[in-house]
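Residue numbers (the numbering used here): 40 to 514. Note that beta-carbon positions come from the ideal geometry of N, C-alpha and C, so glycine has one too. Predicted, not measured: the structure shown is a model, and the values here were computed from it.
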């Protein structure tokens, strides 16, 4: 009977990717000489029940679904795992225990990707930091295990089993607080007259001008935003905060209402109230404040201490504070591939190519693509650059799709430019297909000159607007 149980356990381990060593450990512990024989029988019986009713790996691929929200207002990651009992070929009430155990087993793998999607700063998500070896996958697994798991519950339709999970965002932020002492920002000479404040309240709601770009976008929340002045002097960042404070309550708190009483525990009764003038960063996470407001902070040691204590509130739009994580999520392999693509493009020194990541997408922008005038034909001088782009796209692996969007720079011919941008996107798709990327994986679109990133008033700005954007999507 013992050999039979181990054989069945090994088989199930292969199907559902359970670590067989862990299952063997459970069996051997229950079968140890100093354990009562009845305990061994109960353990073996439990393994039989769980293995007999658990679904295979193929069946569970679509049986478990995760809905997740990054709640920046309350500072938590909230997720709900749902096991579709019919897809998993489980029946109630006989399989209730097995289903609950299986859902808890799947939780770390499912929730890991939710954590990887969280923005750390203006350039990186947690997944990027993993790819850069700033953290380990074991750190994420430990956070998942330490999070609050509610009791599994049946859905009202009794067709699925649900497991709720919650973790404070500060627990995730602690992984990145590695400094031992806070530093004081450089204080430029100023004649500003200031007074002591009890905190800093920055209103960054609404669409704000993006520094260095011809667009306005809302601020995005992240673990470690920076604050800049309109002169682009750095006013605030995480290493200015005492590490104990940064670990305890983060470097900022986010809110959505202009009511200082709501944040009194953080900014006191006399906060410095500031209206943000813009936003900065690849991910639009950093508010820009007027230099005169920055001077109010830097002019007095009492106000510098507000930075060291993290007495900072940033107001955002309500929608920006509840980030719904799209499903299915990309896993760590996407971030490793993204890291390889960025490094490859850097090593190749391909001019006029930018890379930006989204929650589960990656966008490569090719600026100033040389076409024959008023034609979709790509000039021969672009051959090397197209070769580099094709090689970069292949590094993302076979389970990716590509959206290619064309943009032009002439504002005076809207209909002609719209058609031309579509044709140019299609021609880029054909060129990539010739280099080994299947056309079935490519979708094209064109926007004419309706989405400029710079005013088309100079040759340099027109070159920025005359671009092709390639968005990489994981299946």
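Span separating the alpha-carbon of residue i from that of residue j
i: residue 441; j: residue 235; result: 53 Å
i: residue 375; j: residue 170; result: 5 Å
i: residue 504; j: residue 453; result: 14 Å
i: residue 371; j: residue 286; result: 25 Å
i: residue 350; j: residue 500; result: 40 Å
i: residue 198; j: residue 143; result: 17 Å
i: residue 263; j: residue 431; result: 30 Å
i: residue 216; j: residue 102; result: 37 Å
i: residue 178; j: residue 165; result: 11 Å
i: residue 463; j: residue 512; result: 21 Å
i: residue 204; j: residue 110; result: 13 Å
i: residue 303; j: residue 265; result: 22 Å
i: residue 218; j: residue 276; result: 12 Å
i: residue 206; j: residue 424; result: 44 Å
Best match in the options for proximity to residue i [C-alpha to C-alpha]
i: residue 193; options: 278, 202, 477; result: 202
i: residue 209; options: 329, 127, 114, 475; result: 114
i: residue 402; options: 394, 408, 291; result: 394
i: residue 331; options: 271, 148, 183, 190; result: 271
i: residue 416; options: 387, 469, 437, 448; result: 469
i: residue 439; options: 368, 292, 484, 408; result: 368
i: residue 149; options: 446, 289, 105; result: 105
i: residue 443; options: 290, 481, 477, 300; result: 481
Residue burial classification, residue i (beta-carbon count within 10 angstroms, cutoff 16)
i: residue 359; result: buried
i: residue 280; result: buried
i: residue 61; result: Unreliable placement is indicated for residue 61, whose pLDDT of 38 sits below 50; the coordinate value is still reported in the next sentence. Classification of residue 61: exposed, given that the 10 Å Cβ count is below 16.
i: residue 382; result: exposed
i: residue 251; result: exposed
i: residue 413; result: exposed
i: residue 145; result: buried
i: residue 226; result: exposed
i: residue 187; result: exposed
i: residue 185; result: exposed
i: residue 507; result: buried
i: residue 308; result: exposed
i: residue 68; result: Any reading at residue 68 must be qualified, since the residue scores a pLDDT of 38, below 50, and its modelled position is unreliable; no value is offered.
i: residue 419; result: exposed
i: residue 497; result: exposed
i: residue 176; result: exposed
i: residue 479; result: exposed
Distance CB(residue i)-CB(residue j) smaller than 9 Å
i: residue 427; j: residue 389; result: yes
i: residue 295; j: residue 244; result: yes
i: residue 392; j: residue 406; result: yes
i: residue 353; j: residue 346; result: no
i: residue 356; j: residue 257; result: yes
i: residue 323; j: residue 268; result: no
i: residue 493; j: residue 253; result: yes
i: residue 488; j: residue 495; result: yes
inquiry  = Three Cβ pairs or more, each shorter than 8 Å: is that satisfied between the segment 122 to 130 and the segment 231 to 247?
reply    = no
query = Within the chosen definition, does the segment 352 to 371 reach the segment 467 to 474 through at least 3 CB pairs nearer than 8 Å?
reply = no
inquiry  = Pairs of beta-carbons, one from the segment 125 to 137 and one from the segment 334 to 346, closer than 8 Å: are there three or more?
reply    = no
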